Every structure is written in structure tokens, then in C-alpha cells.
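For the record, the sequence lines run as chains X and H.
Mapping of the first sequence onto our numbering: position 50 corresponds to residue 34, and the numbering continues sequentially without gaps.
The number in our numbering is simply the position in the second sequence, starting from 1, with 6 added.
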Amino acid sequence: MKITINGTPKELAHVSYLSDIVAQFCQQPKNIITEVNGQIITSPHWSHTSIKEGDTIELVAFVGGG
Amino acid sequence: MLKEDILTIAGKPFTSRFLLGTGKFKNKKDLADAIEACGAQIVTVALRRIDLERHEDNIAEYIPRHVTLLTNTSGARNAQEAVRIARLAKASGCGHWVKIEVINDSKYLLPDNVETVKATEILAAEGFVVLPYMYPDLYTARALVKAGAATVMPLGSLIGSNQGLKTREFIKILIDEIDVPIIVDAGLGAPSQAAEAMEMGAGAVLANTAIATAGQPALLAKAFAQAVEAGRLAYLSQLPQQKNTASASSPLTGFLYE
């Protein structure tokens, strides 16, 4: 399936739900925040949010800042 | 004495008037040590896309739980982007305190006051506690308060410049005219500059670059916190005014000749 994650095109197999993406790319899912096609999806909804061809996903986290 | 001198923001009491930014630290241990050394009760963080190729530590793990996280909307170029970042931060469950920072000039990194007011209006209406970073302008400060800002955060000088209170006279106007706490942010490079802001009557100060890039960050963090306390005490003492002529400290008459 072709999707875009954080602006980078990715070809991924075995991905059905947002939780699969988080598990694959986030070693520390705590405090990760996700958007699918511009919609914020909170962590309780990751496991039943379906991912489909062409979706745009953002994975963001807290970093140092002033 | 200081224990009774509480800084209240959106109904929440703070005994520390020093806010620490968490950017630019060489490592997370330096950051954790600096937070402990200065006793900051509010620290700023930012949000970024994660690096898909490389594991990064979660900064939240290095910040004590009792500390209030203030998410900076840095990276936002307009109100709409600032609102998006704030909503993302809230979705993480890490709180709803947001420092609005809207910048679309990469040379001077000056805040866009107009977009900042717009973002403040939207986010305050959504229930965020909004602390907007701004260029010290009285009309903008009034608009921010009207829009629901919990504090106003004028810049002392250019971000990361360590130049101190270049905007001193304009910040003084805000302190005199605006009823929410004035938190001096950006450009403070030394504890003496933080003390100066507090002596003027600022409600608090925020520093980051100077501390994060110091040889010993924890030491400077502590120095900043102590300077903030000293400046606050001086303000509360009702500092005497400057004069253009001398005024003797010792009696001038009566020792030998009169």
C-alpha cells in the first residue's frame, strides 16, 4: 500500500490500521500524536482507524523548544 | 516572604517566576539537571514530526510531572498553523497550555503580532490557556488580553541573541498598562538581564538559549532563578528612583568641625 508518512512516500505491506503504522515507526508511542488526512486521531482510536491507499499520515512528538 | 508572593496564571499558582525553555540542550541530562537546578514550574516544549529513520528520546520523560508543560507553536508561520499545533499538543493529553509563537521572518525571527492575536482568539475560545509571544506593542497587548490571553510575553531582544532588554522602555509600558502578568521572553543572555526585567515589575521571565548553550547549563539555570528572585524582591521593595545629583549616604555635618 502506498501512503505518505511525514511527507515521505512509503510502500508498506501488512498495514491495516493506524496502530500498525505507530508500532512500525514509533519506538516510544507514548506522547506520539497522529493525524490522518489532516484529522487528529488520539491514541485510543489508533487500533480501529483503517489506513487506505493514498492516505497522508503525520506522526509528531514533543521535542525541546523555547 | 517569597512563599507568599504567588504568580497566578489562569488561576494556577506558581512560586517560581522563572520559566525555562528546553531547546538546544546538548543532551537530555543537561536539561533535566537544569530544570532541577532552577526549580522552574513551567517549561516550554515544541512539536515536530518524528524522524522515521532514527530513534529519538521522548523529552517528556526528562521533565518532572509536577512541572506545567507549555507547548510552543514554533514552526507556525500563521495563525492557522499555530492553532493546528496547539490542537495536536492537546490531543497528546499533555495539557492545554500553549505559547503562541508565529514567525514568518527567518532572519530576525520576529513574531507576527497580527497572526498572534488571531490565534489567541481562536485558542482561548477553545479553552486553551494562551501565553502569546509578541513584539512589545501596547495596542497588540491590549488586543491579546481582549482575545483571552492569560499572560503577554514580550521579547527582550532577538531570539537567541543574548542581547538583553533592548525593548526595555516598551516592556515597561506593558507592565504599567496591562493587567495580566508580563513575562519577558527571548534574548535574555545573563542573569543580570533577568533581574533587570523583574526589578521593572515583570511577572516572570523565560530563558532558554543562554542556559542551554552555557558551559555548565545547570549552574547558569540556578543563577537565572536566583536573579529572578532578587529582581522580584527589589521590585516589591519599591526601589527608589534614579537622581541626577548626589545624595550623601553618610551625615555630612558634625564630625570634626561643627
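We put the CB at the ideal spot given by N, CA and C, even for glycine.
These numbers come from a predicted model, not from an experiment.
Inter-residue spacing [alpha-carbon to alpha-carbon] between residue i and residue j
i: S265 (chain H); j: L26 (chain H); result: Past the edges of chain H, shown from 7 to 264, lies residue 265 (chain H), and the structure says nothing about it.
i: I184 (chain H); j: A218 (chain H); result: 31 Å
i: M7 (chain H); j: E42 (chain H); result: Only weak support is given to the placement of M7 (chain H): the predicted model assigns it a pLDDT of 49, under 50, and the question is left unresolved by the model.
i: W30 (chain X); j: A97 (chain H); result: 13 Å
i: L226 (chain H); j: A210 (chain H); result: 17 Å
i: A240 (chain H); j: A125 (chain H); result: 35 Å
i: V6 (chain X); j: N33 (chain H); result: 25 Å
i: T60 (chain X); j: G(-9) (chain X); result: Any answer about residue 60 (chain X) is impossible in this case: the structure gives chain X only from -15 up to 50.
i: V(-1) (chain X); j: G237 (chain H); result: 57 Å
i: I48 (chain H); j: T157 (chain H); result: 13 Å
i: N214 (chain H); j: G50 (chain X); result: 6 Å
i: I(-13) (chain X); j: P(-7) (chain X); result: 6 Å
i: Y1 (chain X); j: S27 (chain X); result: 12 Å
i: L43 (chain X); j: H32 (chain X); result: 17 Å
i: I52 (chain X); j: Q248 (chain H); result: The displayed coordinates of chain X run from -15 to 50. Any statement about residue 52 (chain X) would go beyond what the structure contains.
i: Y114 (chain H); j: F20 (chain H); result: 32 Å
Selection from the options that minimises the alpha carbon distance to residue i
i: Q12 (chain X); options: H:D63, H:Q47, H:Q232 and H:V104; result: H:D63
i: Y68 (chain H); options: H:D39, H:E127, H:P197 and H:G133; result: H:D39
i: A231 (chain H); options: H:L161, H:A192, H:A200 and H:E10; result: H:A200
i: I165 (chain H); options: H:A46, H:L129 and H:K30; result: H:K30
i: I177 (chain H); options: H:A16, H:A156, H:M140 and H:Q169; result: H:M140
i: L161 (chain H); options: H:E202, H:K35 and H:L212; result: H:L212
i: L137 (chain H); options: H:Q248, H:L258 and H:A88; result: H:A88
i: M206 (chain H); options: H:C100, H:R174 and H:L75; result: H:R174
i: I106 (chain H); options: H:T74, H:N250, H:D143 and H:R83; result: H:R83
i: E59 (chain H); options: X:V47, X:D4, X:Q8 and X:A(-3); result: X:Q8
i: G221 (chain H); options: H:T21, H:D36 and H:A147; result: H:D36
Limits of the unbroken alpha helix (DSSP H) element including residue i
i: V6 (chain X); result: L2 to F9
i: G237 (chain H); result: P223 to L242
i: Q86 (chain H); result: A85 to A97
i: Q1 (chain H); result: Shown here, chain H extends from 7 to 264; a query on residue 1 (chain H) therefore has no answer.
i: I217 (chain H); result: T215 to A218
The beta strand (DSSP E) enclosing residue i, as first and last residue numbers
i: L76 (chain H); result: T74 to N78
i: A18 (chain X); result: A small correction: the amino acid at residue 18 (chain X) is Thr; Ala does not occupy that position in the sequence shown. Note, T18 (chain X): beta strand (DSSP E), I17 to V20.
i: Q23 (chain X); result: Q23 to I25
i: W6 (chain H); result: Within the shown structure, residues of chain H are numbered from 7 to 264, placing residue 6 (chain H) beyond reach of any answer.
i: I41 (chain X); result: T40 to G48
i: T14 (chain H); result: L13 to I15
i: T259 (chain H); result: Careful: T259 (chain H) lies outside any beta strand (DSSP E) and carries neither H nor E.
i: I(-11) (chain X); result: K(-14) to I(-11)
i: T(-8) (chain X); result: T(-8) to E(-5)
#### Entry: Start-end ranges of the beta strand (DSSP E) lying completely within the segment 109 to 190 of chain H, minimum 3 residues
135 to 140
### Interfacial residues, the segment 70 to 95 of chain H to chain X, with Cβ spacing under 7 Å
N78, S80, R93 and L94
### Task
Using a Cβ-Cβ cut-off of less than 9 Å, give me the residues of the segment 208 to 239 of chain H that come near chain X, in sequence order.
L212, A213, N214, T215 and A218
### Task
Taking only runs that begin and end inside the segment 26 to 52 of chain H, name each unbroken alpha helix (DSSP H) of 4 or more residues, in chain order.
34 to 44
#### Entry: Contact list for the segment 29 to 62 of chain H against chain X, Cβ threshold 8 Å
G29, K30, F31, L37, T50, V51, A52, L53, R54, R55, I56, L58, H61 and E62
### Query
Using Cβ-Cβ distances below 8 Å, what residues of the segment 3 to 23 of chain X are close to chain H?
F9, C10, Q11, Q12, K14, N15, I16, I17 and E19
### Task
Determine which residues of the segment 15 to 27 of chain H have a Cβ less than 7 Å from any Cβ of chain X, and write them out in chain order.
G27
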